[in-house]
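Input: a single structure, listed below in structure tokens.
Protein chains in written order, with my numbering: chain X, 1 to 220; chain S, 1001 to 1725.
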């Protein structure tokens, strides 16, 4: 929440103490400055992914470094992915709940215009209007309805850990009118199976979007 | 009377306007969520005085606990810079520097500038029918330029937040009502800086109020207020009338922690306001680029053996079995793991199932974090038969902390089979040993140095709020024996504005501090300290040091400090005595004639509410006798905000402006502001004015702070945050 002022303060304070010596923080400043300048973020390496013998995804929030989450529970359509203190629950690639993030999604359901739930979740349904019904516990907001429209922008090749994958790129535009919040989710979907290989989804209005890519898919 | 009649009409208009908005409540949806995502919805607008309010008046709203705000307000007839801190949910404190251009022509040079303190206390919290009520004192310790008191209530109705208040003193100068308390107010405040005890007195009582409205535009507020301050002193001094009572303004919060304000003040003046605010209590550890390493149970492969080679993605990895490490290899692995955590190993030995580790923490603000990282490093690399990690933290060659951590308990925490509280129960925090003779690692580095940018500043001088110098600084230290140190720090200023300081000290006391401008102007290159120090322990709970040399920027000499800090107790007692001679302004080797002996007995107490108290009694630099009381609130983030005052046998007339020494202190750790760990801190002491009475030698009490981070209380306080899976 305090990011703007913090950044200003941090730059000012860094100017004061930037230096070198046996006990200085120069390596850390250098790392920080390099990240700010380069804009690059650390990704899970092929070796790291291969070292984990479980189904896994690489997850980043905004421009953060990518972290590894492993599949801890698969029950019907619901999959729960875990890191040390974070959890993402997905429904075929659609994030439906989060825990341990700075701001969390309490619940999400995809519904047709008639109110029936789209059980399969996953990539946005094409060719129909639909809504997302969302709870944010910290905002005391329950059952907020996001009206959504999605479009298939065409075929797109992505690369995960050096492996090229051909996907369909689906963009979903939603708006929760009651809090005047618009957001755009993106899905890179296997054209044959509908499997979501990569996605960028908003889970909370106060949090940068969560990006994930499947490093090792669950065994069917 | 005509004047009052006009004001009464305006007041009635305001009340009528307010009343006309009430029916709108039903038109506004009960669950109006449009502004739910606005920036800092829990932070009210800050007034031009610094504290929470509308424009030139206060409301009964408060910042959330732990917030610090800086406001910069530019308008005629006065510019203001305010620092507001919320130490408790019910208490708001403000320090303000202001320059009143209307009063200035009549005053002596510089006297238009004013430094003042405000406090505001919450009386009730808002409920369905009860407004939030607050009572406040404005400029209650300054020269009285802005002196006034008020009681104000605030009530939110839909998108409107209404406030209505009663004002005394300056805030009653428009005189809407007769003051039921009567009495007279002191017109001459002398040197200022004292309680005048004529609060809520005077012939008149003012009525002020207004509202803040949230339009359907994100982060925007519209403010309208009726001010009970008629600015009559400004009218008398300058002949210009700033008395128009109605002010209107816009406040926009484009980012979290930043407010811009634009207002039409006094009927014909444009006001601009910038407010920056932040939560000093907000935990920043989640954003660190150097998080605590994971606790590795024994059955897992050591960290250095985790690279499985270039196994293909989406395929099962293969881990090559590692050969069992030899004892020497184990020691090397442990050293590497500790070094990777930026810990300095003073001693590392293995005996039976226990590791004896002595560490020097120069990387982390909290010693408890250093201990946690050491335990994690050892858990990942120690041979499997090791069960106990005995970790002693060492500062300046003496032991200040001693913890025994059981590895199996740590592993249970890693497996989430136990909690940090259970780990604490399984661990032993004991008094640090009297001697560190057993910790003598041959690789221990005895010489340290650093070069860093240097900034020297003189803030809130009556003529200018900010004089600054920027340059390069350097520090060196060498441990020539156990606890025996040589140290130096130097600086060169490359750019400064100190030559613009033209105020000479008018102090009738020895100029022990008030010649600061000469040190800033003439000491553009020099050394702050050049000294030898010996640290020692006289017993389990008694710490001591002897220091000689150029002790600080203004003094050289010889002295000693002893601290009795009983283990597991909230209190401690310290004694220090120094024979000193004043240094020359050039900050080189020359000395001035002034010599004295100074020293204090200090009682320390850590309250259960994260507030540290210090009470010093003794002889000060100007040979005056007295006492100093300090209270400091410490947040879990390490940020400290506190205040002090000193009363000595120097009279208010002798002391000069301000009557006695007092101020506020803000200490911001770098690791709170930046996303990585650091021991660096930004320390700022703000005084209304620098005088000579009640001044201490800098660094006269060092042992308490040196032992604080590893103390029992601080270890318990920080435990949960550093021992987590």
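Don't be surprised by glycine CBs; every beta carbon is placed ideally from N, CA and C.
When the five nearest sequence neighbours on each side are left out, the beta carbons in the same chain lying within less than 6 Å of the beta carbon of residue 1617 of chain S are those of 1601, 1627, in order along the chain.
Cβ-Cβ distances below 8 Å link residue 1270 of chain S to 1075, 1262, 1263, 1264 in the same chain, with the five nearest sequence neighbours on each side left out; the list follows chain order. The Cβ-Cβ distance between residue 1136 of chain S and residue 1149 of chain S falls below 8 Å. Counting along the chain, no alpha helix (DSSP H) covers residue 1090 of chain S, and no H or E run does either. Around the Cβ of residue 71 of chain X, a 10 Å sphere holds 16 or more other Cβ atoms; the residue is buried. Of all residues in the stretch 159-192 of chain X, only 160, 161, 162, 163, 178, 179, 180, 181 place a beta-carbon less than 8 Å from a beta-carbon of chain S. Counting the other Cβ atoms within 10 Å of the Cβ of residue 1673 of chain S gives 16 or more, which makes it buried.
Distance from the CA of residue 1123 of chain S to the CA of residue 1272 of chain S, rounded to the nearest whole angstrom, comes to 31 Å.
For the stretch 100-125 of chain X, the set of residues with a beta-carbon nearer than 8 Å to any beta-carbon of chain S comprises 102, in chain order.
Contact note: residue 1702 of chain S does not reach chain X at a C-beta cutoff of 9 Å; the least C-beta distance is about 18 Å.
Among the CB atoms of chain S, one or more fall inside 8 Å of the CB of residue 139 of chain X. Minimum Cα-Cα distance from residue 1704 of chain S among the listed residues S/1693, S/1167, S/1052, S/1572 corresponds to S/1572. The stretch 1406-1493 of chain S is shown to contain whole beta strand (DSSP E) runs of 3 or more residues at 1447-1461, 1464-1481, in chain order.
Taking CB atoms only, residue 205 of chain X has a neighbour in chain S less than 8 Å away. The alpha helix (DSSP H) runs of length 4 or more contained entirely in the stretch 1596-1669 of chain S are, from start to end of the chain, 1652-1655. What residue 1695 of chain S touches in chain X, judged by beta-carbon distance under 7 Å, is nothing: the nearest beta carbon there is about 25 Å away.
Per DSSP, reduced to three states, the secondary structure at residue 1501 of chain S is coil, with no helix or strand assignment. Taking the CA atoms as reference points, residue 1651 of chain S sits about 7 Å from residue 1659 of chain S.
Neighbours of residue 63 of chain X across chain S, judged by C-beta separation under 8 Å, do not exist; the nearest C-beta is about 12 Å away. For residue 1518 of chain S, no beta strand (DSSP E) segment is defined; the enclosing uninterrupted segment is the alpha helix (DSSP H) at 1516-1522. Annotated three-state conformation of residue 1705 of chain S is helix, per DSSP. Under DSSP, residue 1097 of chain S takes part in a beta bridge, and its partners are S/1081, S/1115.
Between residue 200 of chain X and chain S, the shortest Cβ-Cβ separation is not below 8 Å. For residue 1037 of chain S, the C-beta contacts it makes with chain X under 9 Å involve 139, 179, 180, 181, 205, 206, in order along the chain.
Interface criterion met: the Cβ of residue 1294 of chain S is under 8 Å from a Cβ in chain X.
Among the residues of chain X, those whose CB is under 8 Å from the CB of residue 1725 of chain S are 84, 85, following chain order.
Nearest CB-CB separation between residue 1033 of chain S and chain X: below the 8 Å threshold. DSSP places residue 1197 of chain S outside any alpha helix (DSSP H), giving it a letter other than H or E. Contact annotation: the stretch 1216-1231 of chain S touches the stretch 1249-1262 of chain S, with at least three C-beta pairs closer than 8 Å. With 16 or more other CB atoms across the displayed protein chains lying within 10 angstroms of its CB, residue 1680 of chain S is buried.
Judged by DSSP secondary structure, residue 1581 of chain S falls within the beta strand (DSSP E) whose first and last residues are 1571-1583. One alpha carbon belongs to residue 1328 of chain S, the other to residue 1443 of chain S, and they sit about 15 Å apart. Per DSSP, residue 1718 of chain S lies in no beta strand (DSSP E) segment; the continuous alpha helix (DSSP H) that holds it begins and ends at 1712-1722. Cβ contact annotation for residue 1509 of chain S (same chain, cutoff 7 Å, sequence separation greater than five): 1622, 1650, 1654, 1692, 1693, in chain order.
Within the DSSP secondary-structure output, residue 1065 of chain S pairs in no beta bridge.
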